Amino acid sequence: GAVVSQHPSWVICKSGTSVKIECRSLDFQATTMFWYRQFPKQSLMLMATSNEGSKATYEQGVEKDKFLINHASLTLSTLTVTSAHPEDSSFYICSARDGREGETQYFGPGTRLLVL
Amino acid sequence: AQSVSQHNHHVILSEAASLELGCNYSYGGTVNLFWYVQYPGQHLQLLLKYFSGDPLVKGIKGFEAEFIKSKFSFNLRKPSVQWSDTAEYFCAVGTYKYIFGTGTRLKVLA
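Here the protein sequences line up with chains S and V, keeping their order.
This note's numbering applies: residue 4 is where the first sequence begins, and numbers increase by one.
This note's numbering applies: residue 24 is where the second sequence begins, and numbers increase by one.
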C-alpha cells in the first residue's frame, strides 16, 4: 500500500505558540489529503479536507483560523495549530487519498501534540 | 444523519477463537466501506475495502468482511485469531470523506 509520513511524531510546546505538522505522501501523488483529530479512546474526527492548490474545506465546528492548512504540492500538506492552548493537545492524524485506488485513504503515523 | 456504529467496544478472545466485529452504518447513496487496524503504537493500516461487486471481501492477514446491504452492515471476521491480532479495529464509511466508527479494542490472549 501507499506510504504516508508525518513530522514531527511528538511535539511539546508552550501555550500561545504555533506548531506546524507536515504530512507527506511518499510514493504517490495526493491531490487530496485529510486531517483528523483523535481523542483518547475515541474515534477519528475529520477536521478538514486539504486540496492541492486550493483552500481547505473545514468541518463544522473546526476553527479555520486556528488550524491553518496548506497543500502546496501534490505530496505535502501542512497543518499549523496557531496560538496553541492546552485544549488543543491531541493526536493529529493525516491521510492521503490515492487516486489510483478510488477513494482509499492511507494514513500517516500521527503527531501527538502536548501544549503546556 | 450519516453514522457508523461499532457495537463491541472491547473484545477479549483466546488464540484460535473465531472473531466477528460488528459494523452498522447509516449513509445515503452509494457507499464505500473500509476496515482499518491500528496496532499498538502504529498507524492505521487498511485491512480491506468494499466498493462494489462480490459482497464478501477478503483482506490481509486472513481477515474478511461481508457487506449485507439489507442490514446496512459490514462485519469483520477471522476464523482463528492470533496473539498478534491484538489491536484496535475501525470501520469507516464514505465516498469522498470518511466517517469512522468508535473502534473496537481486541485483545487476544496467548
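Built from N, CA and C at the ideal position, the CB exists for glycine as well.
Owing to the predicted nature of the structure, the values given are computational and were not obtained by experimental measurement.
Between V27(V) and I122(V), the beta carbon gap of about 5 Å places them in contact (Cβ cut-off 8 Å). CA-CA distance, V84(S) to K23(S), rounds to 6 Å. When DSSP states are grouped into helix, strand and coil, K84(V) belongs to the helix group. If you look at S75(V), you'll find it isn't in any beta strand (DSSP E); DSSP assigns it neither H nor E. Nearest to C46(V) by alpha-carbon distance, out of S37(V), F57(V), A39(V), is F57(V).
Put simply, the region 88 to 99 of chain V touches the region 73 to 80 of chain V. At least three CB pairs are less than 8 Å apart. Taking CB atoms only, H30(V) has no neighbour in chain S less than 9 Å away.
Counting only Cβ-Cβ distances below 8 Å, P112(S) has contacts in chain V at Q65, H66, in chain order. Contacts between N98(V) and chain S, judged by CB atoms closer than 8 Å, are missing: the closest CB pair is about 18 Å apart.
K72(V) is positioned such that its CB atom lies no closer than 9 Å to that of D108(V). Among the CB atoms of chain V, none fall inside 9 Å of the CB of V65(S). Excluding five sequence positions before and after Y48(V), the CB atoms of its chain that fall closer than 6 Å to its own CB belong to V27, F95, V116, given in chain order.
Of all residues in the region 9 to 37 of chain S, the ones placed with a Cβ closer than 9 Å to any Cβ belonging to chain V are Q9, T35, F37, in chain order.
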